[in-house]
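Working notes, structure below.
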Amino acid sequence: MTKGELQDLDKHGNTHVENVVDPALNDELAQLSPEQYAAAERKLIWKLDLRIMPCLWLMIVLNYLDRNALANARIQGIEESLNLKGSQFNTAISVLFAGYIALQIPSNLILTRVRPSLYLPGCMAAWGVVSGLSAAVHNFEGLVIVRFFLGMVEAPYFPGALLLLSSWYTKRELALRTSVLYSGSLLAGGFGGLVGAGVQSGLDGSRGLDSWRWLFIIEASLTVFVALCSMLILPDYPHSTKSLSPLERAIAVRRIQVMASISDEKKGSVLYGLRLAITDYKVWLLSLMMIAKTSAGAVMSFIPTLAETFGYGKVETLLLVAPPYVFATIVALAVSYSSDRFSERAYHVVIPMVFAMAGYIMAASTLALPARYLSLFLMLAGQYGPYNVALAWISSTIPQPLEKRSAAIAIINTIGNIAQIYSPYFYFDGPRYYQAMIANACFCLACLCATLILRWCLLWENRKLASAEANEVQEPDNGRIDEKGFRYLL
7 MTKGELQDLD KHGNTHVENV VDPALNDELA QLSPEQYAAA ERKLIWKLDL
57 RIMPCLWLMI VLNYLDRNAL ANARIQGIEE SLNLKGSQFN TAISVLFAGY
107 IALQIPSNLI LTRVRPSLYL PGCMAAWGVV SGLSAAVHNF EGLVIVRFFL
157 GMVEAPYFPG ALLLLSSWYT KRELALRTSV LYSGSLLAGG FGGLVGAGVQ
207 SGLDGSRGLD SWRWLFIIEA SLTVFVALCS MLILPDYPHS TKSLSPLERA
257 IAVRRIQVMA SISDEKKGSV LYGLRLAITD YKVWLLSLMM IAKTSAGAVM
307 SFIPTLAETF GYGKVETLLL VAPPYVFATI VALAVSYSSD RFSERAYHVV
357 IPMVFAMAGY IMAASTLALP ARYLSLFLML AGQYGPYNVA LAWISSTIPQ
407 PLEKRSAAIA IINTIGNIAQ IYSPYFYFDG PRYYQAMIAN ACFCLACLCA
457 TLILRWCLLW ENRKLASAEA NEVQEPDNGR IDEKGFRYLL
């Protein structure tokens, strides 16, 4: 963050690092030895990991189970039951994201003013109810209406979860936590196939309902239950979470102050934060990277369809979906651990994307079963292995103030998900889906290029910051707590 931005923020109600907690607690923090502070910080992180991560992880698992249930329902016969023709299934996939992107930015701005512990689970309960209504549709029009509103009520969760994580964890802790969070979405893909196989073999025709209707009912019921439990577990922001001790809150606030230069407690104008985000070129480079990545990532909605081309029955097809997702989850955790371990972002995005490109090209080139199945492993692991690194990069590149970070996350996620509106229509020329696979390879290349450009820009920004510090251009009391000063992760 530049000196000009800091000065400008002062005019809009934000301050540099100051006493945002009880002064007595600041004195107590100052009296702690480095070893005592490190021990207290480790205890706090452990407590946060046990409270935040399982809750958000379960929420994202159910988020993707509900969202992608339609992909498994296709194998179970929803197209035949609803008499879907032509590209109507693709439209049902696409329309969810029309509702999804409509509420992303306003929702994240609202989240800076309300309690995350109530807002996010409340939205989760709403999407559980709407998803359950999918079991009651009887035609294409009804399915489209339910999918559109499902997108609207799902919109607050993911950018809101990223905002909450970035409010508690430092930039060097975010990639692994974001990876653990996003691993839930990948495991949901595999777990959804297993659930679909179980429902298909055990409940098809039970009480006069098709198996795909039971799939929506079961997953929606579980979603509402977890949402109600999450209201009792999920914390709010560091300065306002009453379940932590005053000293723990002080440490939590100080950790984020060290990462950046402004406390999240002081609230500035929401519209001003939005303007800061819109006028930051880094937001648009990150948006370009994400829309290219998400365009190729639409393959997740068609993995069961691709597996169906292997020629097996419904249950076997749904079971074949699980292994590629499990492999992608392992790769994602390994990539994120390495990214945090070496404090590096760009190459941890670029290298896996090369493997994703290879997977898409392989899928476009042959229908041979071994190569085709291997391509699913490559495309999912290469596509989603670095996704969480990219998400963590967003939060560390746009660290403060809270309103700007919130708007930036929502803008980037919104633009990225625009791809989900048009990309499902690439999947029309089965069984090879040549056009979709070649387009996905090109999108991976675009993401790779945007990532390298962003790295170069951040390297340039870091050199400017170092030069400014060396020449004492920045104010000595500019709010930097760490001795080296703020630097962007590359």
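Using our numbering, you'd call the opening residue of the sequence shown number 7 and step up by one each time. Heads up, the beta-carbon is just placed ideally off N, CA and C, and yes, glycines get one too. None of the values given here were measured: they were computed from a predicted structure.
Check                                                                                                                                         : Outcome
Check whether the region 353 to 363 and the region 415 to 430 are in contact - that is, three or more C-beta pairs closer than 8 Å.           : no
Specify the secondary structure class of Ile-239 as computed by DSSP and reduced to three states.                                             : coil
Go to Ile-459, then tell me how far its alpha helix (DSSP H) extends in each direction, as first and last residue.                            : 440 to 476
Under three-state DSSP, which class holds Gln-82?                                                                                             : coil
Roughly how many whole angstroms lie between the Cα atoms of Leu-496 and Leu-460?                                                             : 8 Å
Mark Gly-198 as exposed unless 16 or more other C-beta atoms lie within 10 angstroms of its C-beta, in which case mark it buried.             : buried
Express the C-alpha separation of Ile-309 and Ala-414 in angstroms, rounding to a whole number.                                               : 30 Å
I want to know whether the region 385 to 403 touches the region 336 to 345 - three or more CB-CB distances under 8 Å.                         : yes
Can you tell me which of the three DSSP states Asp-350 falls into?                                                                            : First, the amino acid is wrong: residue 350 is Glu here, not Asp. Correct three-state label for Glu-350: coil.
When the Cα atoms are used, what is the spatial distance from Leu-192 to Glu-86?                                                              : 28 Å
Which residue from Val-120, Arg-121, Asn-74 and Ala-194 puts its Cα closest to that of Ala-98?                                                : Asn-74
Can you tell me whether Ile-224 is helix, strand or coil according to DSSP?                                                                   : helix
To the nearest whole angstrom, what separates the beta carbons of Glu-314 and Thr-300, a pair I think is in contact under 8 Å?                : Not a contact, Cβ separation roughly 24 Å.
With distances taken between CB atoms, is the gap from Leu-68 to Val-232 smaller than 8 Å?                                                    : yes
Let me confirm a value: Glu-409 is counted as buried when at least 16 other C-beta atoms fall within 10 Å, else exposed. Which label applies? : buried
In its own chain, which residues sit with a C-beta less than 8 Å from the C-beta of Leu-102, not counting the 5 before and 5 after it?        : Arg-73, Arg-153, Phe-154, Leu-156, Gly-157, Glu-160 and Gln-426
Could you say if the region 322 to 341 and the region 377 to 393 meet the contact criterion of at least three C-beta pairs nearer than 8 Å?   : yes
Give the straight-line distance between the Cα atoms of Ala-442 and Ala-181, rounded to the nearest whole angstrom.                           : 30 Å
Would you call Phe-434 buried or exposed, if buried means 16 or more other Cβ atoms sit within 10 Å of its Cβ?                                : exposed
Taking only the alpha-carbon atoms, compute the straight-line gap between Ala-447 and Ile-81 and give it to the nearest angstrom.             : 26 Å
Provide the residue span of the alpha helix (DSSP H) that contains Ile-116, from first to last.                                               : 110 to 117
Which word fits Gln-37, buried or exposed, when buried means at least 16 other C-beta atoms lie within 10 angstroms of its C-beta?            : exposed
According to DSSP, is Val-23 helix, strand or coil?                                                                                           : Note that Val-23 has pLDDT 33, beneath the 50 cutoff, so the model's placement of it is unreliable and no number is given.
Could you spell out the range, first to last residue, of the alpha helix (DSSP H) harbouring Arg-281?                                         : 276 to 284
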